[in-house]
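Undergrad:
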Amino acid sequence: MKLTLTILSAVTSLISSLNGFAQQSVAKPWPSKMPVVKAPVFKKDTFNIVNYGAVNDGKTLNTKSINDAINACSKKGGGVVLIPRGLWVTGPVELKSNVNLHLKADALLSFTEDLSQYRLIPTNWEGLGSVRNQSPVSGSDLTNIAITGKGIIDGNGDAWRMVKKDKLTESQWKNVLASGGFLSDDKKIWYPSESSLKGSKVKNAGVIADGKTAEDFAEIKDFLRPNLIVLTRCKNILLDGVTFQNSPAWNIHPLMSENITIRNIYAKNPWYAQNGDGLDLESCSNVLVENSVFDVGDDGICIKSGRDAQGRKRAMPTQNVVIRNCVVYHAHGGFVIGSEMSGGAKNIYVSDCTFIGTDIGLRFKTTRGRGGVVENIFIKNINMKDIAGEALLFDMYYAAVDPIPVAGEKRDAPKVQLLPVTEETPAFRNFYISNVVAHGAEKAIFVRGLPEMNINNIFLENMTLQAKKGIEIEEAQHIHMKNIHVITRDSKPVVSIVNSGNLSFDKLQYKEGAAVLFNVNGERSSKISVTNTNVIGSVNKAEFNNDAKSDALKIN
33 MKLTLTILSA VTSLISSLNG FAQQSVAKPW PSKMPVVKAP VFKKDTFNIV
83 NYGAVNDGKT LNTKSINDAI NACSKKGGGV VLIPRGLWVT GPVELKSNVN
133 LHLKADALLS FTEDLSQYRL IPTNWEGLGS VRNQSPVSGS DLTNIAITGK
183 GIIDGNGDAW RMVKKDKLTE SQWKNVLASG GFLSDDKKIW YPSESSLKGS
233 KVKNAGVIAD GKTAEDFAEI KDFLRPNLIV LTRCKNILLD GVTFQNSPAW
283 NIHPLMSENI TIRNIYAKNP WYAQNGDGLD LESCSNVLVE NSVFDVGDDG
333 ICIKSGRDAQ GRKRAMPTQN VVIRNCVVYH AHGGFVIGSE MSGGAKNIYV
383 SDCTFIGTDI GLRFKTTRGR GGVVENIFIK NINMKDIAGE ALLFDMYYAA
433 VDPIPVAGEK RDAPKVQLLP VTEETPAFRN FYISNVVAHG AEKAIFVRGL
483 PEMNINNIFL ENMTLQAKKG IEIEEAQHIH MKNIHVITRD SKPVVSIVNS
533 GNLSFDKLQY KEGAAVLFNV NGERSSKISV TNTNVIGSVN KAEFNNDAKS
583 DALKIN
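Residues 33 to 588 (this note's numbering) are what the sequence shown spells out, left to right.
(1) Confirm the yes/no value for this check: CB of Arg443, any heavy atom of the ligand SAM, distance under 7 Å.
(2) Within this structure, are the beta carbons of Ser279 and Gly189 separated by less than 8 Å?
(3) If the criterion is Cβ atoms closer than 8 Å, does the pair Ile240 and Gly161 meet it?
(4) Do Gly375 and Ala347 have their beta-carbon atoms positioned less than 8 Å apart in this structure?
(5) Could you tell me whether the stretch 197-212 touches the stretch 155-175, using the rule of 3 or more Cβ pairs below 8 Å?
(6) Near Glu226, what residues of its chain come up, given a Cβ to Cβ distance below 6 Å and the 5 sequence neighbours on each side ignored?
(7) For Asp8, which three-state DSSP category applies?
(8) Suppose you measure from the CA of Lys447 to the CA of Tyr429; what does that come to, to the nearest Å?
(9) Counting C-beta neighbours from all protein chains within 10 Å, is the total for Leu229 16 or more, i.e. buried, or is it exposed?
(10) For Leu450, is the classification buried or exposed, using 16 other Cβ atoms within 10 angstroms of its Cβ as the cut-off for buried?
(11) Rounded C-beta distance between Val169 and Leu140? I'm assuming under 8 Å.
(12) Nearest to Asp340 by CA position, among Leu313, Val321 and Glu372, is which residue?
(13) Can you tell me which of the three DSSP states Ala54 falls into?
(14) Name the DSSP beta bridge partners of Ser570, please?
(15) Grab me the residues of Asn296's own chain with a C-beta within less than 7 Å of its C-beta, minus the 5 sequence neighbours each way, in chain order.
(16) Answer with buried or exposed for Arg193, where buried requires no fewer than 16 other C-beta atoms within 10 angstroms of its C-beta.
(17) Apart from the five residues just before and just after Ile568, which ones in its own chain have a Cβ nearer than 6 Å to its Cβ?
(18) Checking 8 Å against the spacing of the C-beta atoms, do Gly389 and Asp418 come in under that value?
(19) Spatial neighbours of Leu270 within its chain, please: CB distance less than 7 Å, with the 5 preceding and 5 following residues excluded, ordered by chain position.
(20) Tell me the DSSP secondary structure of Tyr298 in three-state form.
(21) Grab the span of the alpha helix (DSSP H) containing Gln204 for me, first residue to last.
(22) In the structure shown, what three-state DSSP assignment does Val518 receive?
(23) Beta carbon of Glu474, beta carbon of Ala547: below 8 Å?
(24) Any idea if Pro154 is buried or exposed, counting beta-carbon neighbours within 10 angstroms, 16 or more meaning buried?
(25) Is the CB-CB distance between Ala137 and Gly90 below 8 Å?
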């Protein structure tokens, strides 16, 4: 089977720091020619798990049979390990080099709910070195590996995950309680075991520090949920056609790996799944993700690169990534970068994707302490519908909470204070986003940087965004919008600006009769240019508050 993927190896020259009131336009940075990298090719030799003793009766534990088939295949130079149709129960499966694990149509590989089958091992969780349970499917330091076919891999995540009451209906919550388990002290979170509940009360549970080993966490073993698929330091990876569902934590997690093709897959989790991300590419290079569907409980397609000091020390950005022709249904974010991005992210290309019912559409999040630079992000041709929060969000005050507050939840705005710039200060710069249509969102665009590190060089062009609220920009520089049409219910104001400068709005369109077009705040707001825009369509074209100067805004 000869498979190819197209990967970019170099990024075009970027527009450097921009000044003044000059009219801006988003460049066309997409390369016309991109090098071709071959996906792994496998021998045709086939190793049927039935020949190694596997039984598809839905009760026999086939861990040894499946791993024996994989080991035999790899030792003989590689080939295909075949999972025939049927229900196959198993414990952890460890991939080997030159092996294509192939699931036939109607094959269901179901991982056991007997948590004792998963041993505690040193691994990585949310960007930190941690002890976790062994993943259902894993591989480390491998070359040429694949999971292909039309079958289903089910991680039996309900046996592992805690459940928040606020994410269930009343009848669903009653069913969860009837199954047994344990409740948190406030009775709002259900845990499947006492070990899991106990782990929830341990600070930095599982994090490897102060000489701790796996044995030190045995008492809270059930709390240390594994990701479904973890491929660490691997080269030449192919995931094609398979449904990956019901993960204990994240669904698919390539870590420090390169030359990755992910296509035609379906990543599926219950929407209440805690940490139920679809795809997390962490410190990976040369990746193609295409023609895939994500319907999950946390972020859909996510870029990461390690957390805080460990991520900065690793210094492995996720880079040279192409994501195209994908659909994301329920998720906290459709396409996401962060918040664990301390190793950086660059040269990311996203195009021709659809987000339906996600909490946020395009979500870029970080916070103080992370460090890391996210830059050279190119996005085009994005459709969104029924977005619960922001269509586009850039936020440097990520607080590790669900993006949409539950009923009755109150959240205070972060305290704004100027701090020194250090290696812990993150940076967002050089984003080029064009051709976005959003039908239904709480807010069209939200940009919030830090006073010591403004979000910088964001180019937005050709968008039609229908939302309750319009555009909000705080602590940002060189934000340039061209041909943006915002259709809002709340037009007081259409655009809010706080302590931001070197902004340009060219051909801004809005709903006729808007109460306030621009609300400018803060003494550091300056050099805001508005061109080719019908400002007389608003009742009040501009308001200036909180020491903002009237000459900060220039309308041509």
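Where a beta carbon is used, it is the ideal one built from N, C-alpha and C, also for glycine. As the structure is a computational prediction, the values presented were derived from the model and not from experiment.
TA: Reading off the structure:
(1) Absence of the ligand SAM from the depicted structure is noted, as is the absence of any ligand whatsoever, leaving it without description.
(2) Against a cut-off of 8 Å, the Cβ pair of Gly189 and Ser279 comes out as a contact.
(3) Contact: yes.
(4) With respect to Gly375, Ala347 sits close: the two C-beta atoms are nearer than 8 Å.
(5) A contact between stretches requires three or more CB pairs, one per stretch, nearer than 8 Å, and the stretch 197-212 fails this requirement with the stretch 155-175.
(6) Hits under 6 Å: Phe214.
(7) A question about residue 8 goes unanswered here, because the residues of the chain that appear run from 33 up to 588.
(8) Their backbone Cα atoms lie some 10 Å apart in a straight line.
(9) By the 10 Å Cβ count, Leu229 comes out buried.
(10) In this structure Leu450 is exposed. Its beta-carbon is surrounded by fewer than 16 other beta-carbon atoms within 10 angstroms.
(11) Contact doesn't hold; Cβ gap of about 14 Å is too wide.
(12) Closest by alpha carbon: Glu372.
(13) Unreliable positioning characterises Ala54 in this predicted model, as indicated by a pLDDT of 38, which lies under 50. The coordinate reading is nonetheless provided below. Here Ala54 sits in coil by DSSP.
(14) Ala546.
(15) Cβ within range, chain order: Asp272, Gly273, Asn323 and Ser324.
(16) Arg193 should be labelled buried.
(17) Once the five neighbours on either side are set aside, Ile568 has no close Cβ partner at all.
(18) In this structure, Asp418 lies closer than 8 Å to Gly389 by Cβ.
(19) Sequence-distant partners of Leu270 (beyond 5 residues in either direction) whose C-beta falls short of 7 Å from its own C-beta, in its chain, are Leu35, Ala71, Pro72, Ala178, Thr180 and Thr293.
(20) Tyr298 sits in a strand when the DSSP states are folded into three classes.
(21) Run containing Gln204: Glu202 to Ala210, per the alpha helix (DSSP H) assignment.
(22) For Val518, the secondary structure class from DSSP, reduced to helix, strand or coil, is strand.
(23) Not in contact: Glu474 and Ala547 (Cβ atoms no closer than 8 Å).
(24) Exposed is the call here.
(25) Not closer than 8 Å, so no.
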